[in-house]
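Single-structure report; data block below.
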Amino acid sequence: MKESDIRFAKLLVLINGFVPLALLMWDQSHHRLGANPQNFLILTTGMMALIFLVLTLAVTPLRQLGGWNWLIQLRRMLGLYAFFYACLHFLCFFSLDRGFNLSSTINEIIKRKYLWFGVTALLLMVPLAITSTNGMIKRLGGKRWRALHRLVYVAAIAGVIHYYMQVKADVRLPLVFASVLAVLLGYRGWNHWQGQKPKTVAAPKV
Amino acid sequence: MKVPNKIHPNEITPLAVYFNRRNFIRAGVLAASAVATGVAYRKLNPVGTTTATPVQTAKIEGIATNAPAAAVAENTGFHIDETQTSLQDITHYNNFYEFSTDKEEVAVAAANFKTDGWKVSVEGLCNKPKVFDLDDILKLSAPEERVYRMRCVEGWSLVVPWVGYSLSKLLAAVDPLSGAKYVAFETLLDPARMPNQTTGVLDWPYVEGLRMDEAMHPLTLLTSGLYGHSLPPQDGAPIRLIIPWKYGFKGIKSIVKIKLVADQPRTTWSDYAPREYGFYANVNPTVDHPRWSQATEQRIGESGRRKTLMFNGYADQVGHLYAGMDLRKNF
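Top to bottom, those sequences are chains A and B. Position 37, counted from 1, in the first sequence is what my numbering calls 399; the numbers after and before it change by one each time, with no gaps. Position 83, counted from 1, in the second sequence is what my numbering calls 1199; the numbers after and before it change by one each time, with no gaps.
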C-alpha cells in the first residue's frame, strides 16, 4: 500500500473511532439517552473500550491470515481509542456514579471485585498508551516493546470479566465478547504452540 | 505533515484530475464508513432512537380522592411528597424479563400484550378460594391513588402515582385459615404472549412471596394502574403487586395466581442467585448487594445520586415487622 493510502486508512480509523462519541454527545445534548442517562453513559463508554480492544487484537490475526500487512499501521490508533474510551468510562463512573468523591471511589473499588478487574484493565493500558509512540518503540527496542505490549491480552481479559461480573442475569453480550476474545487469543496460542513464530510478528514500523 | 507530492509542470492537468477523482472517492468512502459506524452504533444502542411514545390505556374511574395532606399528617406513607417521575420514564425503563432483559426495550416488546379474559386464582389455605375475573377483583374495593417511592435492586429509583387498593382486602375476601403464614404469587406463563419466556434467562413462571403480615400491611398495594390509567403492559398489566419498602423485583407483575401457604415459598430471584437476592429484599442502605453498593440510588430524572433510605423511607410504617431480625442474614 502506498504511503498516502495508509494515511487515508488512518484517517478512516480516526474519524470512525470518533463517531460513537459524537453520537453519544449528540444524544446527550438532546436528552435522548433514555430514562437513566448516567447508567447509559457508563455502560456505553465501557462497551466502546471493549470493542476497540477486540479490534486492536484482531489486527495481528487478520494481517497474518489475510496477508494485509498494512493493517499494523492502524493498530496503534485502535489501541489508543480503546484506552481513550476506557478513560471516559472511568470518568463517567467517577463523576456520575461517585459524584467526584475520591474517597468513595477508592472505597468502592476496594470493595467490589468487578471493579478490581475494571481498574486492572485500565491501569494496564496506561503504560501501553505511554509507550505507543515511535520514540518509545525505538527506546525500548522491538523485543522489549512487544513483551510489554502483551499486557494488552491481560487487559482485554480483565475488561471482559469486569463486564460479565456486573451484569444481573442476561450474560449473552458479555459471553459474545468472551468468545471473540477467546478466538483472538486462541489464535495466538495456537501459533505459539506450533512453534512457528510468524515472521510478521514485529513491532510496528517506526 | 508532509508537503503534498510535487507536481511536474507538464503533468499538471492529468494529475489534478487524478487526485481530484481520488479525493472524491476517498471522501465518499470516509462518509460511507462513518455512516456505517453510526448505524452499527445505533443498532447496538437503540436508546437514542426511541422517541416519546404516548401510553394509551383506559382511564380508571372513581379513584378515591387522594388527600396528600391527610396522608402525610397521619403518616400512612400512602403519599410521598416528592417529584413524581414522568410517565414517559415510568413506561420506558422497565425490568420485565418476560418481554426483554433490556429495560429500554420492554415497552416495545410488550406493546401488543393482550389481557382480555384475565383471571386470577386466589387459592390455598383459605375458606373461600376463588378464580376471579379481573373485573371482579377491580370492583372489590375502590381504587386509591398511592404515591410511592420505587427502589430497584440495581440502584435506581422512581416516584410513581400508582392506582390500586391494599392487598389485604383481596386476601380478606377469601378468608384465610390460621395456618396461612405466607402468600405465594405467580406471573402468567405463556411464551406466545411473553416472548422472552422462550429463553432460559430466568426460571419461568416468575414467582414471588410475602410473609402474611407483610401481605396484610396496608402499604402493600394490589396495583391496577398508574397516573390515573390502567397499567400499560410494560408495567405489569393488568394487575401487579407494589411493596414500596422492598426492592422492585418483589413487585410481581401480570399476576395469575395468589396462593396462601404454610411455608416460605420459593422466589424467582433468590432461586437464581441465593447469595444476591433474599426472600425479604427489604430496601436497606447498610446491606450491600454482594456486587454493588446499596447506599445510594439514581433517582430517574435527577442528576446526582440520592442516599437510599432504610426500608426505602417507610421505616415508621413497617420497621416493626422486622423487630429483632438480623437484616444482614435476612436480606
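Here a beta-carbon is modelled for each residue, glycine too, at the ideal position from N, C-alpha and C. Since the structure is predicted, the reported quantities are computational estimates derived from the model, not experimental observations.
Three-state class that DSSP yields for residue i in the structure shown
i	result
A/G352	Because residue 352 of chain A is not part of the residues shown, which for chain A are 363 to 568, the question remains open.
B/Y1281	strand
B/C1268	coil
B/H1195	strand
A/H511	helix
B/A1180	strand
A/L427	helix
B/I1371	strand
B/V1188	helix
B/N1398	strand
B/I1141	helix
B/E1260	strand
B/S1419	coil
B/T1173	coil
B/V1403	coil
B/L1160	helix
B/S1273	strand
B/L1425	coil
B/E1392	coil
B/L1449	Residue 1449 of chain B cannot be examined here, being either before or after the span of chain B that is shown, 1117 to 1447.
A/L435	According to the sequence displayed, residue 435 of chain A carries Gln and not Leu. Residue state, collapsed to three classes: helix.
B/T1383	coil
Exposed unless 16 or more other CB atoms sit within 10 angstroms - verdict on residue i
i	result
A/S465	exposed
B/E1221	buried
B/D1351	buried
B/V1238	buried
B/R1466	There is simply no residue 1466 of chain B to check, as chain B begins at 1117 and stops at 1447 in what is shown.
B/A1300	buried
A/H392	exposed
B/Q1172	exposed
B/T1339	buried
A/G396	buried
B/W1415	A quick correction: the sequence has Arg, not Trp, at residue 1415 of chain B. It is buried - the Cβ of B/R1415 has at least 16 other Cβ atoms within 10 Å.
B/N1191	exposed
A/G379	buried
A/F455	buried
A/V545	exposed
B/Q1380	exposed
B/K1375	buried
B/K1230	exposed
B/K1255	exposed
B/E1261	buried
A/L485	exposed
B/T1207	buried
A/Q528	buried
A/H524	buried
A/Q556	exposed
B/R1267	buried
A/S494	buried
B/M1441	exposed
B/T1199	exposed
B/I1141	exposed
B/M1310	buried
B/S1370	buried
Whole-Å CB distance - residue i paired with residue j, under 8 Å assumed
i	j	result
A/T482	A/A531	No, A/T482 and A/A531 are not in contact; Cβ-Cβ is about 24 Å, not under 8 Å.
B/A1174	B/H1345	6 Å
B/A1225	B/S1216	4 Å
B/N1243	B/L1293	7 Å
B/Y1281	B/A1296	Incorrect: roughly 20 Å between the Cβ atoms, too far for contact.
B/T1355	B/I1196	Inspection of the sequence shows that residue 1355 of chain B is occupied by Ile rather than by Thr. Not confirmed; about 22 Å, so no contact.
B/E1302	B/P1277	Actually they are not in contact, since the Cβ atoms of B/E1302 and B/P1277 sit about 27 Å apart, beyond 8 Å.
A/T406	A/L386	6 Å
B/G1394	B/N1446	6 Å
A/Q390	A/P399	7 Å
B/Y1503	B/L1203	Limits of chain B in this structure are 1117 at one end and 1447 at the other, which puts residue 1503 of chain B out of reach.
B/E1413	B/W1272	6 Å
A/A518	A/L543	6 Å
B/P1334	B/V1290	Incorrect: roughly 18 Å between the Cβ atoms, too far for contact.
A/L490	A/V514	6 Å
B/T1201	B/V1275	5 Å
Residue i CB to nearest heavy atom of the ligand MG below 6 Å
i	result
A/L486	The ligand MG is absent from the structure shown, which contains no ligands of any kind.
Note down, in chain order, all residues in the stretch 1261-1275 of chain B with a beta-carbon under 7 Å from any beta-carbon belonging to chain A. Those residues of the stretch 1261-1275 of chain B that come within reach of chain A (Cβ to Cβ, closer than 7 Å) are E1270, W1272.
Please specify which runs of the beta strand (DSSP E), each continuous and at least 3 residues long, are wholly inside the stretch 1203-1249 of chain B, giving them in chain order. Whole beta strand (DSSP E) segments, 3+ residues: 1235-1240, 1246-1249.
Start-end ranges of the alpha helix (DSSP H) lying completely within the stretch 1284-1355 of chain B, minimum 4 residues: Within the stretch 1284-1355 of chain B, complete alpha helix (DSSP H) segments of at least 4 residues are found at 1328-1332, given in chain order.
Whole runs of the alpha helix (DSSP H) within the stretch 485-538 of chain A, excluding any shorter than 4 residues: 496-502, 504-511, 513-528, all fully within the stretch 485-538 of chain A.
Output, in sequence order along the chain, the residues in the stretch 400-418 of chain A whose CB is closer than 9 Å to any CB in chain B. Those would be Q400, N401, F402, L405, T406, M409, M410, I413, in chain order.
So if I threshold CB-CB distances at 7 Å, which residues from the stretch 1410-1435 of chain B count as touching chain A? Result list: Q1414, I1416, G1420, R1421.
If you measure beta-carbon to beta-carbon, which residues of the stretch 528-539 of chain A are closer than 7 Å to chain B? From the stretch 528-539 of chain A, only Q528, K530, A531, D532 have a Cβ closer than 7 Å to chain B.
What are the residues in the stretch 370-389 of chain A lying within 9 Å of chain B by C-beta distance? If you check each beta-carbon in the stretch 370-389 of chain A against every beta-carbon of chain B, the ones closer than 9 Å belong to F370, L373, L374, I377, N378, G379, F380, V381, P382, A384, L385, L386, W388, D389.
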